[in-house]
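Going by our numbering, the first residue of the sequence shown is number 29, and it counts up by one from there.
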Amino acid sequence: MSSLRASSTALSSMTTSYVDPIHIHKDPIHIFERPIMFMSFFSNSALCFSCKFQFKPILVSDPMLLLPVHQGSVTMLSGYAADEITHCIQPQDIKERRAVVILRKKRTEATRLETKSLSSSYNHDGSIVKQIRMQLTDPKF
29 MSSLRASSTA LSSMTTSYVD PIHIHKDPIH IFERPIMFMS FFSNSALCFS CKFQFKPILV
89 SDPMLLLPVH QGSVTMLSGY AADEITHCIQ PQDIKERRAV VILRKKRTEA TRLETKSLSS
149 SYNHDGSIVK QIRMQLTDPK F
């Protein structure tokens, strides 16, 4: 995840490559302002609202709403879709590797970790950096 600063505004951007489902979640409103935008690349999938799934064995419930997310599309979440209902991408909706760029504006009062703190806590052995590089360069990952 990276942060961009424009005057007093902090934007959070994240680029992720997926071959696995995205677990059920809500983007925390106390950390991120609305809307949240994401751009999808490489393949189609579907964003599901108010569904449940578990692993071991994989069981999936029907979502309240299934929103097709096409390759090259931009999706914006705000209001009820962002704040009141969970969303996910179910295992059966990922047929090929996909990449997503997520744009979120951090709230000014949201807690921030310093880069020095992150590098000493999480990157001391370089494993996270190696894993990210592997995701971006290895087509089988």
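The beta-carbon is built from N, C-alpha and C at its ideal position, and this holds for glycine as well. Computed from a predicted structure; not experimentally measured.
Item: Touching by the beta-carbon criterion (3+ pairs, under 8 Å), the region 108–126 and the region 59–67; Value: yes
Item: Bridge partner(s) assigned by DSSP for R62; Value: Its beta-bridge partners do not exist; DSSP assigns none.
Item: Validate contact between the region 101–108 and the region 119–126 using beta carbons, cut 8 Å, 3 pairs; Value: no
Item: Spatial neighbours of K54 in its chain, beta-carbon cut-off 6 Å, leaving aside the 5 residues before and after; Value: T114
Item: Per-residue DSSP class, three states only, for P96; Value: strand
Item: Candidates L87, T44, I57 and V88, of which the one nearest F70 by Cα; Value: T44
Item: Enclosing alpha helix (DSSP H) for A109 [first to last residue]; Value: G107 to D111
Item: From C76, S68 and H58, residue whose alpha carbon lies closest to that of I52; Value: C76
Item: Sequence-distant residues of its chain with Cβ nearer than 8 Å to D48 (five each side left out); Value: P119 and I122
Item: Ordered list of alpha helix (DSSP H) runs contained in the region 111–138, each at least 4 residues; Value: none
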